[in-house]
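Everything on this sheet refers to the single structure shown next.
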Amino acid sequence: MEHDNDSQTSALKSCKRCGGTEFGHGKIVGEGSVYPLKARFAIGGSELVLEFCLDCGEVDSLRVKAPHSFRN
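In the working numbering, the protein residues as written are 1 to 72.
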(Lines of atoms letter the chains of each structure in order from A and count residues from 1; the text may use other names and numbers.)
(Lines give C-alpha, C1' and ligand atoms only; values in the text may rest on other atoms or scores of the structure.)
Protein backbone atom coordinates (compact mmCIF):
# COMPACT_ATOMS: atom_id res chain seq x y z
CA MET A 1 0.00 0.00 0.00
CA GLU A 2 1.51 3.33 -1.05
CA HIS A 3 1.05 6.47 1.00
CA ASP A 4 0.58 9.81 -0.74
CA ASN A 5 1.02 11.85 2.45
CA ASP A 6 4.21 12.20 4.43
CA SER A 7 2.27 11.95 7.67
CA GLN A 8 -0.86 10.23 8.82
CA THR A 9 -3.01 10.74 11.88
CA SER A 10 -5.01 7.75 13.05
CA ALA A 11 -7.16 7.34 16.13
CA LEU A 12 -6.76 3.57 15.67
CA LYS A 13 -2.99 3.58 15.80
CA SER A 14 -0.56 4.94 18.36
CA CYS A 15 3.18 4.66 18.84
CA LYS A 16 4.15 1.80 21.15
CA ARG A 17 7.03 3.87 22.58
CA CYS A 18 5.54 7.34 23.22
CA GLY A 19 1.82 7.11 22.36
CA GLY A 20 2.14 9.57 19.44
CA THR A 21 -0.46 9.35 16.68
CA GLU A 22 1.31 10.99 13.74
CA PHE A 23 3.39 8.78 11.48
CA GLY A 24 5.75 9.52 8.62
CA HIS A 25 6.84 7.32 5.75
CA GLY A 26 10.29 6.94 4.25
CA LYS A 27 12.42 4.46 2.36
CA ILE A 28 15.81 2.85 2.62
CA VAL A 29 17.61 2.79 -0.72
CA GLY A 30 21.06 2.01 -2.06
CA GLU A 31 23.02 -0.29 0.23
CA GLY A 32 19.87 -0.88 2.28
CA SER A 33 18.02 -2.66 -0.53
CA VAL A 34 16.89 -6.26 -0.10
CA TYR A 35 17.94 -8.98 -2.56
CA PRO A 36 17.05 -12.69 -2.75
CA LEU A 37 19.40 -14.89 -0.68
CA LYS A 38 20.39 -16.92 -3.75
CA ALA A 39 21.21 -13.83 -5.87
CA ARG A 40 24.74 -13.94 -7.29
CA PHE A 41 24.69 -10.25 -8.18
CA ALA A 42 22.99 -7.31 -6.50
CA ILE A 43 20.71 -6.58 -9.45
CA GLY A 44 17.07 -5.72 -9.03
CA GLY A 45 16.06 -6.12 -5.42
CA SER A 46 13.68 -3.81 -3.64
CA GLU A 47 13.67 -0.72 -1.47
CA LEU A 48 12.63 -1.00 2.16
CA VAL A 49 9.71 1.22 3.20
CA LEU A 50 9.36 2.43 6.79
CA GLU A 51 6.53 3.91 8.80
CA PHE A 52 7.73 5.77 11.89
CA CYS A 53 6.44 7.97 14.70
CA LEU A 54 6.94 11.67 13.99
CA ASP A 55 7.27 12.41 17.71
CA CYS A 56 10.00 9.98 18.81
CA GLY A 57 11.18 8.25 15.61
CA GLU A 58 10.18 4.72 16.66
CA VAL A 59 9.79 2.54 13.55
CA ASP A 60 6.30 1.04 13.48
CA SER A 61 6.70 -1.05 10.33
CA LEU A 62 9.33 -2.04 7.81
CA ARG A 63 8.37 -3.72 4.55
CA VAL A 64 9.78 -4.69 1.17
CA LYS A 65 8.33 -2.33 -1.46
CA ALA A 66 8.31 -4.89 -4.30
CA PRO A 67 7.79 -8.37 -2.79
CA HIS A 68 6.73 -9.73 -6.21
CA SER A 69 10.36 -9.42 -7.38
CA PHE A 70 11.25 -12.31 -5.05
CA ARG A 71 8.88 -14.82 -6.66
CA ASN A 72 10.40 -17.41 -8.99
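Every residue, glycine too, gets a C-beta built ideally from N, C-alpha and C.
The structure presented is a predicted model; accordingly, all values stated were derived computationally and were not measured.
| query | result |
| --- | --- |
| Expected contact under 8 Å - CB spacing of D55 and C18 to nearest Å | 5 Å |
| Between the CA atoms of L62 and G44 - distance to the nearest angstrom | 19 Å |
| CB of G32 within 8 Å of CB of F52, strictly | no |
| Bridge partner(s) assigned by DSSP for K27 | V49 |
| Contact set for K16: own chain, Cβ-Cβ below 8 Å, skip 5 residues either direction | E58, D60 |
| L62, enclosing beta strand (DSSP E) - first and last residue | 59–64 |
| Given L91 as reference, the closest of E22, H68, G26 once Cα atoms are compared | Shown here, the chain extends from 1 to 72; a query on residue 91 therefore has no answer. |
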